[in-house]
Amino acid sequence: MDDAQLIKTCQEGQLDAFAEIYDNYSKPIYRFIYYKTHHRETAEDLTSHVFMKAINAIENFNEKKASFKTWIYQIARNAVIDHYRVNKTTKNLEDAWGVSDKVDIERDTDFQLKIEAIEEYMKVLKPAQREVVLLRVWGSHSFKEIAQIMGKSEAACKMLFKRVVEELRGEFAPFLILLLTMKDHVQ
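In our numbering, the protein residues as written are 649 to 835.
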């Protein structure tokens with residue numbers, strides 16, 4: 649079933665259909681939150697929170713206002729914002745980006761070094777710039793979806809992304825390469 653059919657089934661009271669929605673969106677939502685928090689456990693907790701909120705509000709979802717994908721990403725974005733409002737603590741850089749639990753130390757070390765490089769480049773960007781990059785590059789969202797998620801116009805999101813790319817072309821060109829190569833490796 650597609651999203652519309654699954655949502656309709658859920659809205660009719662058959663919430664077991666939500667399991668398929670969860671299967672379709674849990675990894676992308678987790679990655680989105682992980683890239684914004686840089687902490688595995690926090691991303692897991694917030695991802696759970698997002699889906700709990702979604703299942704509790706599924707009867708209020710209206711596909712005429714936004715796509716389900718946009719709606720769930722708005723919930724995720726708001727969860728991250730709320731998390732940072734409540735937890736205004738400084739993060740331990742050792743915990744940032746969480747290293748894989750797998751045994752391949754060489755691969756994990758290379759992965760960690762790449763993640764640390766991305767983190768350094770991301771610090772250069774303003775929050776709105778980071779968000780548009782995460783949504784566009786790692787989230788593979790259209791500019792229309794990004795605009796709905798961020799509460800901006802589509803043209804503003806396109807311009808913001810264009811400016812980020814222009815800024816990063818020279819000195820930060822390796823950042824763009826790392827972004828594109830690492831987006832599928834974080835789970």
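C-beta atoms are modelled at their ideal positions from N, C-alpha and C, and glycine is treated no differently.
DSSP state of residue i, grouped into three classes?
i: K712; result: coil
i: L773; result: coil
i: Q662; result: coil
i: H731; result: helix
i: H697; result: helix
i: S674; result: helix
i: K736; result: coil
i: K800; result: coil
i: M590; result: This structure leaves residue 590 out entirely; the chain is present only between 649 and 835.
i: D650; result: coil
Give the C-beta separation of residue i and residue j to the nearest angstrom, bearing in mind that I take them to be a contact with Cβ-Cβ under 8 Å.
i: A667; j: T657; result: A667 to T657, Cβ: 11 Å. No contact.
i: F680; j: A724; result: 6 Å
i: A795; j: S788; result: Not quite, the Cβ-Cβ distance comes to about 15 Å (not below 8 Å), so this is no contact.
i: E707; j: Q659; result: 5 Å
Which value, in whole angstroms, describes the spacing of the CA atoms of residue i and residue j?
i: E815; j: K774; result: 12 Å
i: N784; j: F791; result: Checking the sequence shown, residue 784 turns out to be Arg, not Asn. One C-alpha to the other measures close to 7 Å.
i: T695; j: S674; result: 7 Å
i: F809; j: Q653; result: 33 Å
i: Q777; j: H686; result: 17 Å
i: I729; j: A804; result: 21 Å
i: I655; j: R733; result: 31 Å
i: A702; j: V780; result: 23 Å
i: E768; j: D651; result: 37 Å
i: E711; j: K736; result: 35 Å
i: A691; j: H697; result: 10 Å
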